[in-house]
Amino acid sequence: MRRMLLRACLALCAAPLMAGAQPRPASRPPVGVAWDFSLPTLAGDRFVRLAALDGPVLVNFWSRDCPPCVTELPRLQAFAADHPAWTVLLVSTDTPAAATEFTRRHGIALPVLRPGGNVVALMRAAGNRGGALPFTVATRAARICDGQLGALSAADLQRVAATCAAAPGTAATAP
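So that you can map any letter, position 100 of the sequence shown is 100 in the UniProt record's numbering, and since no number is skipped, the others follow by simple counting.
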């Protein structure tokens, strides 16, 4: 499974650039669709259930072997600091030991969850049919309000925050 995710990351991010083409436009998860899960923390000491969280939630699927994933982690951390009403969760596709070492070494303070064997099914349920990384889903009241397949820029994060400020299950028009 790990190799499949890495291949998907490389296909999404590197292949168009190596061919001299512009990167493919990032696709977005289906707005308004109910999406819920319960995953253990990286330490395995507790479970986080999406529907039980208050306010908007940003869920980012990543791997330490995916360069765009690693590049956007500080951006996600800054977003969390600048948007205290948001819960930002990182779902690592790495082994718990590898993810723990990576987040410690890079000073990542966001909550990290481990998906177990259901990571691809979880991403597919949110619209990522190929399992490519990075993949981010924004929810409000456990309904998808925005997100993106591919690395998030600062402008993408602004769009997500504006879009998900609307009532649950609806999409606002970003400025």
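Ideal placement from N, C-alpha and C gives every residue a C-beta, glycine not left out.
Touching by the beta-carbon criterion (3+ pairs, under 8 angstroms), the region 38-48 and the region 62-72: no
From V119, C145, F135, A85, residue whose alpha carbon lies closest to that of L53: A85
Nearest candidate by alpha-carbon position, reference R49, set T87, V33, R64, H83: T87
Cβ-Cβ distance between V112 and L42 below 9 angstroms: yes
Minimum C-alpha distance to G116 - residue among A126, E101, T95: T95
Reduced DSSP category for P25 - H, G, I as helix; E, B as strand; rest coil: Caution is warranted here: a pLDDT of 43 is assigned to P25, below 50, making its placement in the model unreliable, and the coordinate value is therefore given only provisionally. Three-state result, P25: coil.
Cβ distance (whole Å) where P29 is taken to contact A126 below 8 angstroms: 5 angstroms
Through-space distance from R104 to V137, alpha-carbon basis: 24 angstroms
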